Structures are given as C-alpha cells and as structure tokens.
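Before any comments, here is the structure.
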Amino acid sequence: VGPFHHLTFLTDYGLEDSFVAACHGVCAQIAPDARIIDITHLIPPGDVRRGAAVLAQTVPYFPPAVHVAVVDPGVGTARRGIAVAAGGSVFVGPDNGLLSWAVTEAGGAAQAVNLTNSELWLSEVTPTFHGRDIFMPVAAHLACGAALASAGDEIDVRDLVTLPAPVSRVRDGEAEGEVMTVDRFGNVQLSITKSDATRIGVLSGVSVLVRWGHRQLTVPYRETFGAVAPGELVAYADGSGLVSLAVNGGDAAQRLALPPGAHVRLAVARRS
Amino acid sequence: VGPFHHLTFLTDYGLEDSFVAACHGVCAQIAPDARIIDITHLIPPGDVRRGAAVLAQTVPYFPPAVHVAVVDPGVGTARRGIAVAAGGSVFVGPDNGLLSWAVTEAGGAAQAVNLTNSELWLSEVTPTFHGRDIFMPVAAHLACGAALASAGDEIDVRDLVTLPAPVSRVRDGEAEGEVMTVDRFGNVQLSITKSDATRIGVLSGVSVLVRWGHRQLTVPYRETFGAVAPGELVAYADGSGLVSLAVNGGDAAQRLALPPGAHVRLAVARRS
Amino acid sequence: VGPFHHLTFLTDYGLEDSFVAACHGVCAQIAPDARIIDITHLIPPGDVRRGAAVLAQTVPYFPPAVHVAVVDPGVGTARRGIAVAAGGSVFVGPDNGLLSWAVTEAGGAAQAVNLTNSELWLSEVTPTFHGRDIFMPVAAHLACGAALASAGDEIDVRDLVTLPAPVSRVRDGEAEGEVMTVDRFGNVQLSITKSDATRIGVLSGVSVLVRWGHRQLTVPYRETFGAVAPGELVAYADGSGLVSLAVNGGDAAQRLALPPGAHVRLAVARRS
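Protein chains in written order, with my numbering: chain A, 2 to 273; chain B, 2 to 273; chain C, 2 to 273.
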C-alpha cells in the first residue's frame, strides 16, 4: 500500500484547543505534500462507539487514504497503537475498537501491526498525546510510502479489538435495531438497513409502527423528510442506507427522547 | 468557464457529523488537485436566508471558484438543483434562493443549468444527501473543466428562484433596514449601507438615533467599536460596508434583543 | 526568511460567520499555492491571553511558517499591526501581546516591523476587519517571499508589547503557578513545568497536595489520566510539559471550579 496523497483525521479533541492543529503541523513536517481531510473532531469525549460509527459511514466516500482516528480514553495505558491495512487504505489509531467498523466496511483487515517502531514517532513522546506524538507521525510516514511492516511488529488480525456490531435483526415481520447516531439535525439513525426494511414490507408510502420502551408511534415512511408537512415525524432511509426518524424542520431525537443505543422495533403498521 | 483551482463550501451540516467530510472525500476522488475552502457549516438548520447573506458577503474575497452551497430543507422534493455561472465563478446548489444574493453580488447570472445529467453524480443517489451525491460531484467535475452545459438542461436565468432583497431605503433623512446577520460577537449587521448612511448625514463622529419596535436609543457612530468605552454601544460600518451595532467587548444582539429580520430605522440624532 | 509553504491561522472569529473564510479567500488570491493550517478560531472573544497560550503551545509542532493570529479587541484604534521574525518563522498580528509568548517560544524576536506599507494590504481597508484587510494579505505576501522589511517600518524588538509571563516559581519545596488553559476535556493546565515538579520531588507515583484559595486536595501524580479509576482526580504532565489536573473520563475544571488565571500551589503530600 501507499504512498497516499490523502490522510483523514477523526478525533474527540474538539476545536477550541490546539490539539488538532499540532497534529496537522506534525504531518506538514513529515509529509508536506499530503492533504488532511478532517472528518470531525467533535466526537463526544471518549465516545469510541460514536467515533467508530462516524468513521465507518464516511470512509466509503474517500479515495485510498491513511485514516487516522483518535478517541482514546486509555491513552498511555497498556492498550496498543495499531496500523491496519484494509481495502487499499490504512487505518491508524488505538486498538480499542474505534477502527473496527471502518475496517470491516473497507473489506476487513488484510494486515496489522502494533506500533512499536519509535523511529517513526516524534523524538519526544508524552503519555497523553499519542495523536500528535505517535499516530500522526506514523501515519505521515505511511503516507510518504513507508511500508506498513516498518511501523512495528505484525499482529494477527484476529487479535484486533473489535466493537460488538450493533443489534440488527429481522424476525416475524419486524426489524429490531438500535439508535446508531443522532446528527446535528436531531435525525435518529437506526441500525436497520434499508434492505432489511424492504424485506419486511417497509417501502416508501407505507406507515410504519415504531416501538421502543413502553412507547409506540405510527409514522409515514417516505423518501425524504420534505415529503411530510413541517413539524411532522417521518421515517426514511438516510444517506448511509439506514432507516432514520426525522421531524421535518425539527429535532426527532429531542421529540422522541431517543438517545444513541436505545432499542427500537419497526414493522408495517396494520389497520386495527 | 473553468477549470477552477478552488471550490468553496457552505452548508448547514454542522461539524459533529461526517456530512462535510463525505463531501470533501467525493471531491478528492473526482478532483484530487482542487482545494476546498470551507466558508461555514454552521448555518442554522434550514436557514436559507442566513446562508444567502453569508455567502454573498464572502464571495467577493475569493478567486474565481466553484461555490457549493447547501442549505436545503426541500432536498429530495421537486425543487431543482442548479449550477449558475456569474462573474467568472460557478455557483452550485439547490434552486431555493440560497445562491441568489451571491450571484447578484458576482454580477448576475450569465448562464444556468438544471442539474439533470446524472453522469456527473455519484452512481448511487440518496434522496436526502444531494450535497454528497449530486452537488459536490457536479461541482468537482466543473472544477476539472467540464462545461456548464454538460451538467444539465439550460434554464432561463430569469426563472431562477431569488430571495427577496432585504428592506433598505432612505426617506426623509432616515434610513430604514433590517437585521441581516448577528455574528459570533453579537454584532448586529443592518441592511443599511455605509453610503446610504452617509447620504443622511451619518458620518463618523455624529450620534445616531436608532429606532425599532417601540424602542429607541441614541448611539455614537464611530469608525470601530474600540472607539467607545468597554460595555458601551456603538454604531459603525462593518467589514461588509453595512451599518452595524456593537457593544465594545460585549454582545449587542443580546443587549438590544435584535434578531435577524427585525426592522430598524436610523437617523442623525438632533438635540431637543 | 521565506518563502513559506505554510501559514497558520488563529483567531477569535468563531466558525459560524464568514470571517475565517474571507481571510482564506484573500490568501488564495495572493498566494494560491500556500497552505493554511487553522489552529483554532474559538478563542473566546477578545481573550488575548488564551490566544497567546494556545499559539505558543502549538508553534513548536509546525514547520517554518507565517503565523497569523488575530485576537484584536483594539482593532482600528492606535495599536500597531506587526510582523515579527523569530526562529525561522514570521508572526503577523496586532501588537497587543498576542504573539509575544509564541515569539519567545520560537527563540525570541530577531526583527520586527510596523505594518505601514499599504501596498501589501487589500485596496480597501475597513476599520474593524484588519484580519482580512491587512494581516492576511501581508502574511500571504510574506509567504510568497516578500521581504519582512517591505511590510513596513522596522521597529525595535524591545518595543513590542509583551504579555506578562504567567506566575511560575519554586520555593520551599512548593511550586506555585496559575491555570494556563482549560481544554475541551476540562483538563486544567498549570504554568508549572514538569521539570519544576521534578525539582520538588513530584514524580510519577507520588501523591501531591494541591492548594488554591481556601481549598486543598491530595491527588495522585501519574503518567496519564488512564492510570486512575474513572471519575478519579489525577495530576500529570500534559502534552505541553505542564502539570495538569484531570478527572479520568470527567471534567476537572468543573469539579474543582478552577478557571484560567487561578493561582495554585503544588507539593509532595506528606503523611500526617
């Protein structure tokens, strides 16, 4: 693999401090011609699962790249740093599951190394800022064409930490899933794919019965939120091919009190 | 027109999700050498008018570029996607008025097309993410030198949706306008130009009578907010040449309870 | 010095308006091949001290660059605009102390000019937006190789405005400092260096007594926050080599009510 023209960068570092920029600076020193595309740096602090979901949903739209992701509450402890080759790209970050969904999305891990070669790190490594001191410099070297194997000891890809896949099953004409993400607009994205919805007869035009906790609602299933009146609830397949709930011009997550991780069931609504 | 070295990008997508990055990725695949300058992605969700104002005030400072703007509450409905040539640049986005003020600012629409040529789109188009699936790929192709006419059917520029211009008139020694934008600092930008202010005698050094609703205030008109004491109100012509109200070191919008769209009158204050 | 491939950019302009993008556009027109790395634009409005701290802590990680920083409550008043050569880089911004800590960090000012040559500015300069109209165009010209002396009249580097250095001293086995920054995670960064901590026996593994106001706490001093249980307080040397207080998985600034500027004393905790 490599060299790569592009790196991507996803963290929970926020935008008010200098953390992101210091990493950009490190990359600019090692790989002055590489380009960094920031995915987001507003992953809630330490929320590995959301980081994994956002990364996995974005990766398909990039050219082959070195993807650097750092949501790393265990920084400086025994958790490993890894680089994983998958689908023509390389993923660099902590071995805490953050990269796992994106690696699967990219076709699965072909090769992986434990980042043990300190020659690719900054000369001084601090225990709490591996994004700047280890992950970004390693990634920049890989972007410049360094071999994956040069970054450290090869590890069995089956030993990589993976996050459990979100609940998603179809049974008795009902699809069950969980809330994957809530976006800026308050749209509630479920782990139920458009094709699973199709299998149980949930097609554009029908009404769907949505059940969670002790609540249930009947909601129109349409192509887009603009198909219902402002302020109305609607279910639709979103830009990632996942069934989502929205309020046209409003905030569905707030209206329904549905946070990430909540379990939801979906079926075609039957007339009583 | 084209090819273009630069694209600009303005949306209401926010920064916490992967929406912006997915669009950057699409551009990187089609036009790897083009550069994207993000204008802002924090337009309040669906606020077409603010998007139009911010875009129009920024465009004069860019080199010729493909300007992609997406504030698109009607995505997936009958509203058209358009590309409009104006002043050596091209504007790409929904035909809902978002682009209209910037197009006017750039010298007016020279040519426009309805984005009907799906060969310039991503191979799979989702109904709710035209920014990623249609607007950005079309823009990237245009940046690479594709002819505007290749993006779709030509439409009469007089048929483009335009936002009504903000109220702005001078009468009987008084200038009337509305609040265009409130910025991060709480500065209240009015749709009254510096030159209209000059016409009614509002020049640096005078006091101005500001009236809105049932309220009125006398405020010094100065070159800059630093010309008054901290905590004091001041009127001045801002970086876009529009009369604005500020509190030195404070938040004028909050102090005056003046939201976007509010009507305001301005005149030289007379001694009673 | 120069030409430079990179510019960096730090302001209090925020991300919701077009201020940052207009500056990027100006740079793209003058120096189309230069790259801008945004450090942050979320310095609290007018907070020169925080801007200075963030800039100084980031600069060591960049290649030689033109560093543009604008936190400028005095814009349009008598304060000077300056460009300062230091350590192979150039710093451009208002002469209000904002640049001073970074200049010191870079090795001290070698040469400085008052930005008086309007030929390097935009043709029209507004009194409230020198970032766009003066600082960025000057910086872009310097990036293209213009001589520092071409930007204006040379000034004695001893006449540059400097911020007072933060309190930081060691006395009687106790280190005294102040809160430099609070970051996104709520980590409280003190102006006490790791090496000063070492001098008074504060090494990884000991307990430290932290005193401020009328409060005091005993906190473990460790390599990283992950070394204590979730929810526990910890002291450590952060990525900038400064002693910091954190809550593993939580917000130390909130828990301790320690804002920037607060005075704090640190010593090895003795058993009573």
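Every residue, glycine too, gets a C-beta built ideally from N, C-alpha and C. Small disclaimer: the values here were computed from a predicted structure and weren't measured.
Contacting residues, own chain, Cβ-Cβ under 6 angstroms from residue i (five flanking each side not counted)
i, result
"T117(C)", "G153, D154"
"L234(A)", "V220, V248"
"D13(C)", "I44, P46, V72"
"P61(C)", "none"
"T76(B)", "The sequence given here has Val at residue 76(B), not Thr. Once the five neighbours on either side are set aside, the close Cβ partners of V76(B) are T129, H131."
"L246(A)", "V189, A236, A253"
"L54(A)", "Note on identity: in this sequence residue 54(A) is Ala, with Leu being the wrong assignment. If we look at A54(A) and ignore the five residues flanking it on each side, its Cβ neighbours are M181, T182."
"I40(A)", "T9, L11, T59"
Range covered by the beta strand (DSSP E) that runs through residue i
i, result
"D39(B)", "36-41"
"P221(C)", "216-221"
"T194(A)", "189-194"
"S208(C)", "208-213"
Closer than 7 angstroms at the beta carbon, the chain B residues around residue i
i, result
"L43(A)", "L16, E17"
"G240(A)", "T127, T129, F130, R133"
Same chain, Cβ closer than 8 angstroms to residue i, neighbours up to 5 away in sequence not counted
i, result
"I38(A)", "H7, L8, T9, F10, F63, A66"
"G202(C)", "G174, V269"
"P231(C)", "N249, G250, G251"
"A110(A)", "V85, A86, A87, V104, V158, L161"
"L243(A)", "M181, Q190, L191, S192, I193, T194, K195"
Below-7 angstroms beta-carbon distance, residue i vs any chain E residue
i, result
"Q190(A)", "Chain labels in this structure do not include chain E; the protein chains are A, B and C."
Interface residues of chain C facing residue i [CB-CB closer than 9 angstroms]
i, result
"V55(B)", "E17, D18, S19, A22"
"A228(B)", "G77, T78, P128"
Cross-strand partners of residue i (DSSP beta bridge)
i, result
"S169(A)", "G178(A)"
"V2(A)", "V2(A) pairs with nothing; no bridge assigned."
"A113(A)", "V85(A), I156(A)"
"V183(B)", "V189(B)"
"L204(B)", "According to DSSP, L204(B) bridges with nothing at all."
"L11(B)", "T41(B), A70(B)"
Terminal residues of the alpha helix (DSSP H) in which residue i lies
i, result
"R6(A)", "It should be noted that the sequence gives His, not Arg, for residue 6(A). No alpha helix (DSSP H) contains H6(A), which DSSP labels as neither H nor E."
"V27(A)", "20-31"
Interface partners of residue i on chain A, CB under 9 angstroms
i, result
"P33(B)", "H6, H7, R36, P64"
Chain-ordered neighbours of residue i on chain C, where CB pairs are closer than 7 angstroms
i, result
"Q58(B)", "S19"
Sequence-distant residues of the same chain with beta carbon closer than 7 angstroms to residue i, five excluded per side
i, result
"S205(C)", "Y222, R223, E224"
"R51(B)", "I44, P45, T182, P261"
"Q255(A)", "G187"
"V207(B)", "Y222, V269"
"E106(A)", "A57, V60, P61"
Partner residues on chain A for residue i, Cβ-Cβ distance less than 7 angstroms
i, result
"V27(B)", "Y62"
"I40(C)", "S19, A22"
Contact set between residue i and chain A, taken where Cβ atoms lie within less than 8 angstroms
i, result
"T225(C)", "V76, G77, T78, P128, T129"
"A140(C)", "Going along chain A, no residue has its Cβ under 8 angstroms from A140(C), so there is no contact; the nearest lies around 16 angstroms."
"Q30(B)", "Y62, F63, P64"
Cross-chain neighbours of residue i in chain B, by beta carbon under 8 angstroms
i, result
"G47(C)", "G250"
"D184(A)", "G15, E17, D18, F20"
Chain-ordered chain C contacts of residue i [CB-CB under 8 angstroms]
i, result
"Y222(B)", "Going along chain C, no residue has its Cβ under 8 angstroms from Y222(B), so there is no contact; the nearest lies around 12 angstroms."
* Which parts of the stretch 116-162 of chain C are runs of the alpha helix (DSSP H), unbroken and 4 residues or longer, counting only runs that do not cross its ends? -> 137-144
* Quick one: which unbroken beta strand (DSSP E) runs of 3-plus residues sit fully inside the stretch 228-268 of chain C? Chain order, please. => 234-238, 243-248
* Asked: Hey, which unbroken runs of the alpha helix (DSSP H) at 4 residues or more fall wholly within the stretch 33-108 of chain B?
  -> 49-59, 101-106
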